[in-house]
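For reference, the structure is listed below as structure tokens.
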Amino acid sequence: MNYRIIGTTLPVLELQLNPGEGVFAVSGELSWMNSAITMNTTTQFGGGGGFFGALKRMAGGGSLFMTDYRAEGGEGLLAFATRVPGSILFLEISPSETYLVHRHGFLCATHGVELNVAFQQSLGAGIFGGDGFLLQKVSGTGHAWIELDGEVVTYDLKPGETLRVHPGHVGMFQESVGFQITRVPGIKNMLFGGDGIFLAALTGPGRVWLQSLPLSNLAHALQPYLPRTVERVEDAGAGAVIGSVIRGLTKGS
Numbered sequence: 008m009n010y011r012i013i014g015t016t017l018p019v020l021e022l023q024l025n026p027g028e029g030v031f032a033v034s035g036e037l038s039w040m041n042s043a044i045t046m047n048t049t050t051q052f053g054g055g056g057g058f059f060g061a062l063k064r065m066a067g068g069g070s071l072f073m074t075d076y077r078a079e080g081g082e083g084l085l086a087f088a089t090r091v092p093g094s095i096l097f098l099e100i101s102p103s104e105t106y107l108v109h110r111h112g113f114l115c116a117t118h119g120v121e122l123n124v125a126f127q128q129s130l131g132a133g134i135f136g137g138d139g140f141l142l143q144k145v146s147g148t149g150h151a152w153i154e155l156d157g158e159v160v161t162y163d164l165k166p167g168e169t170l171r172v173h174p175g176h177v178g179m180f181q182e183s184v185g186f187q188i189t190r191v192p193g194i195k196n197m198l199f200g201g202d203g204i205f206l207a208a209l210t211g212p213g214r215v216w217l218q219s220l221p222l223s224n225l226a227h228a229l230q231p232y233l234p235r236t237v238e239r240v241e242d243a244g245a246g247a248v249i250g251s252v253i254r255g256l257t258k259g260s
């Protein structure tokens, strides 16, 4: 199997599969393929282990169904394009190389790679579309390709070194990195600082990959150009966020 990543701002992952080789991806990711590629949509791949295993995978932000693409009777050509400006990263997955990835980061992988929920926490209504913060664990053995939004910045954290990051900018990190959600210090910072309410604390040792364009930031930048009905929904979400902060502070007192 060979691959290449074409382009820069809106890259495309192009895979060249030998007869009998295959990869699986979240259903709906396909961009184009040649006639040698066959498709099979199922719940089995990605560590699904049947319907209930697929539900567990879906709880981590994945899809209930995966599509298996396989080259049959000739060399296969298969391509997946990014949905927004960003980057595509290649990973070698093994028992000693396991990664945690943001909920929409998985693009495709070879058979033997597994997806599971790694972290799930509600951050209050109005944040991440009300879905909370989710991370997927990419483990097993094989190759995987990850999609991160915007530019990618990497840091190698030393043991005990901590980096505090807006949750939307967390793209991926090695399993050796400690992770927890913390509050922005100070009530005035929470309500009026404009930097959000929560931060992700990443503690070394290990490598972290941060993304410069969270989808929530892109949606916020586009909001002034959308119909005013969407603005009213945004206002309701902001009020719910402030309410959730006050309730959280009350519980903690």
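Position 199 (the sequence shown) corresponds to 206 in the numbering used here; numbering is contiguous. C-beta atoms are modelled at their ideal positions from N, C-alpha and C, and glycine is treated no differently.
CB-CB length for residue i against residue j, believed under 8 Å
i      : j      : result
Gly211 : Val177 : Rounded, the Cβ-Cβ distance is 15 Å, inconsistent with contact.
Thr49  : Arg77  : Actually they do not touch by this definition, with Cβ atoms about 12 Å apart.
Ile153 : Leu217 : That belief does not hold up - the Cβ atoms of Ile153 and Leu217 are roughly 13 Å apart, past 8 Å.
Gly83  : Leu24  : 4 Å
Tyr106 : Glu158 : With a Cβ gap of about 19 Å, Tyr106 and Glu158 do not count as contacting.
Phe87  : Glu36  : 5 Å
Backbone secondary structure at residue i - three-state DSSP
i      : result
Leu122 : strand
His111 : coil
His176 : helix
Leu155 : strand
Phe17  : One detail in the question is off: residue 17 reads as Leu in this sequence, not Phe. It is coil, neither helix nor strand.
Ala226 : helix
Under 8 Å between C-beta atoms of residue i and residue j
i      : j      : result
Gly112 : Thr148 : no
Val215 : Leu164 : yes
Pro174 : Ala207 : yes
Val30  : Ala116 : yes
Leu17  : Tyr10  : no
Leu96  : Leu155 : yes
Pro26  : Glu104 : no
Arg90  : Gln143 : no
Asp75  : Asn41  : no
N-terminal and C-terminal residue of the beta strand (DSSP E) that residue i is part of
i      : result
Lys144 : Phe140 to Gly147
Gln187 : Gly185 to Arg190
Ser94  : Gly93 to Ile100
Arg214 : Gly213 to Gln218
Met8   : Here Met8 belongs to no beta strand (DSSP E), and DSSP marks it neither H nor E.
Thr74  : Met73 to Ala78
Thr210 : Phe205 to Thr210
Gly83  : Gly83 to Ala88
Asn25  : Here Asn25 belongs to no beta strand (DSSP E), and DSSP marks it neither H nor E.
Ser38  : Leu37 to Met40
Residue i burial status per 10 Å Cβ neighbour count (16 or more: buried)
i      : result
Gln187 : exposed
Tyr232 : exposed
Ile13  : exposed
Val160 : exposed
Glu99  : exposed
Pro221 : buried
Gly201 : Note that Gly201 scores 47 on pLDDT, short of 50, meaning its location in the model is unreliable; the coordinates nonetheless yield the value given after this. Answer is exposed; the Cβ neighbour count stays below 16.
Gly213 : buried
Leu22  : buried
Met8   : exposed
Ala226 : exposed
Ser146 : buried
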